[in-house]
Structures are given as structure tokens and as C-alpha cells.
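To start, the structure under review is shown below, and the notes come after it.
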Amino acid sequence: MRIRATVAAVSGALALSALAVPAAHAADPSTHRADVAKVFQAAQAATAAKAGIGEEMPYDLGVTFSNLKVGKAVKVGVTNRVSTTITYTMKFGADVEVTAKDFWTVPFLYKGSFEMPRNMLFGDDPATCSVTSATTANCKGKIDIYPQWLLNSHAGTWRAGAEAVALNGQDPSSDDFDITKVGLAEKGGLGTTLVQRNSKLTTSAKPKPVKKGKTVTVTGKLSRADWENGEYSGYSGQAVKLQFRKKGTTTYKTLKTVKTNSTGGLKSTVKATVDGYYRYSFAGNTNTPAINASGDLVRVKK
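Rendered as C-alpha cells:
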């Protein structure tokens, strides 16, 4: 989040929702998240008190970020926390004490623009860095994603960035906290990843066994995580391939393509020829990951 430029524009609810410890995690709160939240709160309070006055903002820390790497996609279900690792290089001036106890750096993901993000995701803990020279460190941090923080519309492409903060002995919870003595560096647009609504796919082929030449009916269902309702719901109107693998072989061949109905249901018929496995296969899209159902064996009798 660009505290220097937009802390007044971004709502406090948005900023803190990305940092607060969820109820399921409240028994073991993250000190790091609490510290980050305090800095954001302090910056917001200072900006609200004297909007537009530069001396009420953090100073430029003189840290830059590069070589950020993040996984291609993160599949998020409806209950469990999901984490993804981000690595990056941090360069800093000689006056920046990156080994100080109150210096920390974090990677983050954001949806929308860097100036006005619709949502942001951080890790439960700060990144760990290995100092490789007097001005360079290699850093690794996690993004911890809790489904209850997401709206279904948040699925898709997220951008990645990194941030560094030097508190310089300032206590964000203190009444005399001075935001102007806090150093801040941040950079967005360093990479992209997909945050996807996890998918499920089933297949059931009947009858078993079946006479050669007779009809096999293959049913199934494609569903995906509904972050807003905390459950999996049917994914309608999606093209799904019906595939077959002859027993004793390893390769599935596509027989036909079927579209899911209004509840994500699938139904198709084929003529039985030999023993083999039937399955449905979904190619996926930006919002929902690809998935293959487990094959269902049907034996053919004469």
C-alpha cells in the first residue's frame, strides 16, 4: 500500500482487513501483522489530521526491489489458509540498517491498481533476508491467504510488490509516535500471479458391468470455491471434456465435450466397447484452475 501517496484515499477498513488476524487465527496472533497494522493506522491518522502536508508522512527509505519471483497460481478453497512464497532482491544505501530489530520487509499482492488497490494480501510474518553485500540482500517471504478475506470477484490476476519499513525506534502504539521518523520504501508491479477459486470435479459411469455395444451413462459435477458463502458451488456453462482410457494403457482420449448445467452438473452417454476408465476433464481459466476427475472403471461383458 502506498502510504506516502494514498493512505488518505484508501479506506482504513480495506487496509486493516488485509492485515488483521482472522478469528480462526486469533488464538495465536501475529506480532508482525499487528505492527504493520499499527504503522498503517498511524500513517492514516497523521494524514487525516493534516492532509497534504508532506512532513506528516514517512520519509523515503532509499530501498529498491527487483528480481521478484512468485508462483504462477494459488488455488484457494473455502476453509484453510493457503500460502505462496515470493522471493526478491533488496538494494539499500549504507545508512539503512537492514539488520535492526525494528526494520522489516514484506512482499504483498494487490488486486487493482497500486495507487487504489481493491484488496491486499500479506504474510503472517515478515520476509527473511540474507545480506549478500554491503548494499544487497536476497529476501524470501510468504503470502498467507485466508478465504474469508476474499470476494468471488477477487479471483483472477493479482500483482506483486514489496515494501520495507524502518521504525527507527518509534513505537506505533505510543501517543508520541512520529510518523516522519519512520522510513518507507515500496514498489508495485514487480510480478503477477493468479489467485483462483479452487475447483472440484467428479465422474460416475454406469451401469457396471455393461454389455458390449450398450450405453454407458457418465455423470459428474464441476464445482468451485465460493469464498463469500464458505462452500463449493456448481460452476455452470463450462465446457468439460469426457475422456476414456482403455484398461492397461496410460493415455486418456477425448470422446466429446459437454457443458455443465445450471448447477454444474454433467451428463453424457457413450457406447461400451472395451474395459476402461471414464473421466471428465476441465481445462480451467483465469479464475478457476484446471482439474481432472478420477477415472471410473467400467467392465464390458459379452
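The opening residue of the sequence shown carries number 17 in the working numbering; numbering runs sequentially from there. We put the CB at the ideal spot given by N, CA and C, even for glycine. Since the model is a prediction, treat every value here as computed from it, not as a measurement.
Take the alpha-carbon of residue 254 and the one of residue 270: they are about 16 Å apart. Counting C-beta pairs with one atom in each stretch, the stretch 191–206 and the stretch 283–291 have fewer than three that are closer than 8 Å, which means they do not touch. According to the DSSP assignment, residue 281 belongs to the beta strand (DSSP E) that extends over 281–287. A straight-line Cα-Cα distance of about 22 Å links residue 166 and residue 206.
Distance check between residue 97 and each of 190, 159, 313 places 159 closest, using alpha-carbon atoms only. Shown here, residue 197 sits in a helix according to DSSP, grouped into three states. With respect to the C-alpha of residue 281, the residue from 203, 272, 249, 303 having the closest C-alpha is 249. With 16 or more other CB atoms across the displayed protein chains lying within 10 angstroms of its CB, residue 312 is buried. Linking residue 78 to residue 135 through their CA atoms gives a straight-line distance of about 26 Å. Distance check between residue 93 and each of 211, 114, 310, 128 places 211 closest, using alpha-carbon atoms only. By the beta-carbon neighbour count (other beta carbons within 10 angstroms, threshold 16), residue 150 is exposed. Per DSSP, residue 151 lies in no beta strand (DSSP E) segment and is marked neither H nor E. The beta-bridge partner set that DSSP reports for residue 164 is empty. Annotation: residue 299 is outside any beta strand (DSSP E) and is labelled neither H nor E by DSSP.
Going by DSSP, residue 229 is part of no beta strand (DSSP E) at all; its letter is neither H nor E.
DSSP, reduced to helix, strand and coil, places residue 131 outside both helices and strands of the structure shown, so it counts as coil. Considering only 170, 201, 140, the residue with the shortest C-alpha distance to residue 157 is 140. If you check the CB distance, residue 144 and residue 107 do not come in under 8 Å.
For residue 82, the enclosing beta strand (DSSP E) begins and ends at 79–86.
The beta carbons of residue 317 and residue 223 sit no closer together than 8 Å. For residue 72, the secondary structure class from DSSP, reduced to helix, strand or coil, is helix. Burial check for residue 73: the Cβ neighbour count within 10 Å reaches 16 or more, so the residue is buried. Distance check between residue 209 and each of 86, 276, 252 places 86 closest, using alpha-carbon atoms only. The C-beta distance from residue 221 to residue 314 rounds to 5 Å, short enough to fall under 8 Å. For residue 217, the CB contacts under 6 Å within the same chain, skipping 5 residues up- and downstream, are 238, 296, 298, 307, 309 in chain order. With the rule of 3 Cβ pairs closer than 8 Å, the stretch 109–124 counts as touching the stretch 161–179.
Taking 8 Å as the cut-off, the Cβ atoms of residue 292 and residue 263 count as close.
For residue 251, no beta strand (DSSP E) encloses it, and the DSSP letter there is neither H nor E.
Beta-bridge analysis with DSSP links residue 314 to 292.
Taken through DSSP and simplified to helix, strand or coil, residue 239 comes out as strand.
Taking residue 227 as the centre and dropping the five residues before and after it, the same chain places the C-beta of 288, 316, 317, 318 closer than 8 Å to its C-beta, in chain order.
The continuous beta strand (DSSP E) containing residue 175 extends over residues 172–182.
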